[in-house]
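Participant: According to the working numbering, the stretch in the sequence shown is residues 4 to 292, in order. Once you've had a glance at the structure underneath, I'll fire off some questions.
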Amino acid sequence: MKSLQLPHWLQDTIYVVCGILFCGFALRSFLVPNSFFDGGVTGISLLIHELYHLNIAYIIIIANIPFIIMGAFQVNKTFAIRTFAAVIGLGLCLLYLPYPQITSDKLLVSIFGGVFMGIGVGLAIRGGCALDGIEVLALYTGKRISFTISEIILGINIIIFLIAAIKLGLPTSLYSILTYYTASKTISFVIEGLEEYTGVTIISGESEQIKKQLVMTLGRGITVYKGERGYLKDSFDIHHPVDIIFTVVTRLEVRRMRNLIHEIDPKAFVFTSTIKEAAGGVLKKRARH
């Protein structure tokens with residue numbers, strides 16, 4: 004029986020709408036009533052709101068416009084249009100939806116405000132747009148200076164939290180840093196998905212048996228690279244052709260796969276790497292059957 008597959012544009016729209024609702028909930032129910040901050044453009048908007056008491060909905064829209072224009076050149080026009088529509092949608096939610104204030108407990112506000120903000124931003128990114136344009140600024144700046152995108156974002160956020168500490172007090176700034184950290188981790192969780200995958204590379208003289216076991220026993224798809232093994236210090240000129248095996252497994256399968264390889268060749272060289280996103284192939288065929 005075939006599973007229902009929604010069109011890509013409809014999936015993206017659902018992601019973005021849900022993201023807008025979550026961000027509005029985080030702002031109106033947690034951050035704004037308690038004078039807390041986040042990082043990026045949202046943090047700048049919240050800081051301006053607290054210092055000058057302007058409507059947060061208008062500030063977020065206006066603050067994101069320069070980054071949306073920048074995004075049209077740095078990414079593409081479709082991304083810019085989607086982001087502009089999403090920011091307008093967030094502004095309308097902040098203006099018209101009656102979000103209730105959930106709590107005044109500072110720890111709960113900092114943690115759950117960050118969680119819901121992270122869910123919203125992460126869902127929007129999965130939908131092909133951004134509710135916070137700070138990444139676009141970092142991408143633009145990173146091409147002109149030697150700093151990485153992460154370092155640029157960190158520098159901007161440090162400035163935001165320093166201003167917040169000076170103007171509104173150090174405790175508020177520290178709680179806001181916790182909010183930003185929680186939001187960042189939640190964004191990564193939402194974007195990468197619930198099930199992380201691990202890429203495994205295997206170099207062994209018993210590659211034929213290992214290939215057979217990975218496919219027939221674990222049901223994994225494999226890719227084989229042609230390489231050479233040897234080149235040891237005492238016998239540098241001696242080397243042999245070898246099949247280098249690459250496969251992708253879930254985190255729960257890593258231990259079982261290592262044990263299987265060790266039984267075939269205890270001296271096999273195995274190393275793993277984190278896969279941010281994986282789709283297609285035979286990743287889940289056995290689970291479905």
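By construction, the Cβ of each residue, glycine as well, lies at the ideal position given by its N, Cα and C atoms.
Just the Cα atoms here: how many angstroms apart are GLY43 and VAL251?
Facilitator: Here residue 43 is taken as the residue at index 40 of the sequence shown, counted from 1. Here residue 251 is taken as the residue at index 248 of the sequence shown, counted from 1. Cα-Cα distance, rounded: 34 Å.
Participant: In chain order, what residues of the same chain lie with their CB nearer than 8 Å to the CB of MET4, ignoring the 5 residues before and after it?
Facilitator: In the sequence shown, the residue the question calls residue 4 occupies position 1. Since pLDDT at MET4 reaches only 44, below the 50 mark, its modelled position is unreliable, and no value is offered.
Participant: With H, G and I counted as helix, E and B as strand and the rest as coil, what does DSSP make of HIS56?
Facilitator: Along the sequence shown, read from residue 1 onward, the residue named residue 56 stands at position 53. The answer is coil: DSSP assigns HIS56 none of H, G, I, E or B.
Participant: Are GLY130 and VAL19 close, meaning C-beta to C-beta below 8 Å?
Facilitator: Within the sequence shown, the letter at position 127 stands for residue 130. Within the sequence shown, the letter at position 16 stands for residue 19. Yes, Cβ-Cβ distance for GLY130 and VAL19 is below 8 Å.
Participant: Taking all protein chains shown into account, do 16 or more other C-beta atoms lie within 10 angstroms of the C-beta of HIS52, making it buried, or fewer, making it exposed?
Facilitator: Within the sequence shown, the letter at position 49 stands for residue 52. It is buried - the Cβ of HIS52 has at least 16 other Cβ atoms within 10 Å.
Participant: DSSP state of LYS5, grouped into three classes?
Facilitator: Along the sequence shown, one-based indexing puts residue 5 at 2. Residue confidence is low: LYS5 scores 49 on pLDDT, short of 50, so the model does not pin down where it sits. No coordinate-derived value is stated.
Participant: In chain order, which beta strand (DSSP E) runs of at least 3 residues are fully inside the stretch 192–258?
Facilitator: The stretch 192–258 contains these whole beta strand (DSSP E) runs: 200–206, 225–233 and 242–253.
Participant: Along the beta strand (DSSP E) that carries VAL273, what are the first and last residues, could you check?
Facilitator: For the purposes of this step, residue 273 is taken as the residue at position 270 of the sequence shown. 272–278 is the extent of the beta strand (DSSP E) around VAL273.
Participant: Taking Cβ to Cβ, would you say ILE163 is nearer than 8 Å to GLN216?
Facilitator: Looking up residue 163 in the sequence shown gives position 160. Looking up residue 216 in the sequence shown gives position 213. Their beta carbons are not under 8 Å apart, which means ILE163 does not touch GLN216 by this criterion.
Participant: Using a Cβ-Cβ cutoff of less than 7 Å, which residues in the same chain neighbour CYS96 once the five nearest sequence positions on both sides are dropped?
Facilitator: Taking the first residue of the sequence shown as position 1, residue 96 is located at position 93. Closer than 7 Å at the Cβ level, and outside the excluded window around CYS96, lie ILE23, LEU24 and GLY27.
Participant: Where ILE159 and HIS242 are concerned, what is the direct C-alpha to C-alpha distance, given to the nearest angstrom?
Facilitator: Within the sequence shown, residue 159 is the residue found at index 156, counting from 1. Within the sequence shown, residue 242 is the residue found at index 239, counting from 1. Roughly 51 Å separates the two Cα atoms.
Participant: Exposed or buried, MET260, counting other C-beta atoms within 10 Å across all chains shown (16 or more means buried)?
Facilitator: For the purposes of this step, residue 260 is taken as residue 257 along the sequence shown, with counting starting at 1. MET260 comes out buried.
Participant: Tell me which same chain residues have a C-beta within less than 7 Å of the C-beta of ARG312, skipping the five on either side of it?
Facilitator: Outside the modelled stretch of the chain, which goes from 4 to 292, sits residue 312, for which no answer is possible.
Participant: Which of the three DSSP states, helix, strand or coil, is assigned to GLY172?
Facilitator: As a position in the sequence shown, residue 172 is number 169, starting the count at 1. DSSP places GLY172 in coil when its eight states are reduced to three.
Participant: Hey, quick one: how far does the alpha helix (DSSP H) through TYR18 stretch, first residue to last?
Facilitator: Here residue 18 refers to the residue found at position 15 of the sequence shown. Segment 11–29, the alpha helix (DSSP H) holding TYR18.
Participant: List in chain order: all unbroken beta strand (DSSP E) runs of 3+ residues lying wholly within the stretch 84–142.
Facilitator: With a minimum length of 3 residues, no continuous beta strand (DSSP E) run stays inside the stretch 84–142.
Participant: What does a CB cutoff of less than 8 Å around ILE166 pick up in its chain, not counting 5 residues either side in sequence?
Facilitator: Taking the sequence shown and counting its residues from 1, the one referred to as residue 166 is at position 163. Excluding positions up to five away in sequence, the list reads LEU50.
Participant: So, for TYR183: in the same chain, excluding its five sequence neighbours on each side, which residues have a beta-carbon less than 6 Å away from its beta-carbon?
Facilitator: Within the sequence shown, numbered from 1, the residue matching residue 183 stands at position 180. Around TYR183: ASP41 and GLY42.
Participant: Beta carbon of PHE70, beta carbon of GLY136: below 8 Å?
Facilitator: For the purposes of this step, residue 70 is taken as the residue at position 67 of the sequence shown. For the purposes of this step, residue 136 is taken as the residue at position 133 of the sequence shown. Yes. Within cutoff.
Participant: Rounded to a whole number of angstroms, what is the C-alpha to C-alpha distance between VAL118 and PHE192?
Facilitator: As a working mapping, residue 118 is identified with position 115 in the sequence shown. As a working mapping, residue 192 is identified with position 189 in the sequence shown. One C-alpha to the other measures close to 10 Å.
Participant: In terms of alpha-carbon separation, which member of ALA60, ILE180, ALA66 and ALA83 lies closest to GLY92?
Facilitator: Here residue 92 is taken as the residue at index 89 of the sequence shown, counted from 1. Cα-wise, what sits closest to GLY92 is ALA60.
Participant: Which same chain residues end up closer than 7 Å to ARG289 when comparing Cβ atoms and leaving out the 5 residues on each side of it in sequence?
Facilitator: To locate residue 289, count along the sequence shown from 1; it is residue 286. With a pLDDT of 42 at ARG289, under the threshold of 50, the predicted position of this residue should be treated as unreliable, though the coordinate-derived value follows. Here the set comprises GLY222.
Participant: Is VAL35 buried or exposed, if buried means 16 or more other CB atoms sit within 10 Å of its CB?
Facilitator: One-based indexing of the sequence shown puts residue 35 at position 32. When all chains shown are included, VAL35 counts as buried.
Participant: If you compare alpha carbons, which of GLY116, LYS188 and SER210 is closest to TYR3?
Facilitator: Since the displayed the chain opens at 4 and closes at 292, residue 3 lies outside it and no answer follows.
Participant: DSSP three-state call for VAL78: helix, strand or coil?
Facilitator: On the sequence shown, position 75 is the one that residue 78 refers to. If DSSP states are grouped into helix, strand and coil, VAL78 belongs with coil.
Participant: Checking 8 Å against the spacing of the C-beta atoms, do LEU134 and VAL90 come in under that value?
Facilitator: Working through the sequence shown from its first residue, we reach residue 134 at position 131. Working through the sequence shown from its first residue, we reach residue 90 at position 87. Result yes, Cβ atoms of LEU134 and VAL90 sit closer than 8 Å.
Participant: How big is the Cα-Cα spacing for ILE190 and GLY125?
Facilitator: For the purposes of this step, residue 190 is taken as the residue at position 187 of the sequence shown. For the purposes of this step, residue 125 is taken as the residue at position 122 of the sequence shown. Rounded to the nearest angstrom, the two C-alpha atoms are 5 Å apart.
Participant: Under 8 Å Cβ to Cβ from ASP108, same chain only, skipping five residues before and after it: list those, please.
Facilitator: As a working mapping, residue 108 is identified with position 105 in the sequence shown. Counting only Cβ-Cβ distances below 8 Å, and skipping sequence neighbours, we find nothing.
Participant: Does the distance from the C-beta atom of GLY123 to that of ALA29 stay below 8 Å?
Facilitator: Numbered from its first residue, the sequence shown carries residue 123 at position 120. Numbered from its first residue, the sequence shown carries residue 29 at position 26. Yes, the pair counts as a contact, with Cβ atoms nearer than the cut-off.
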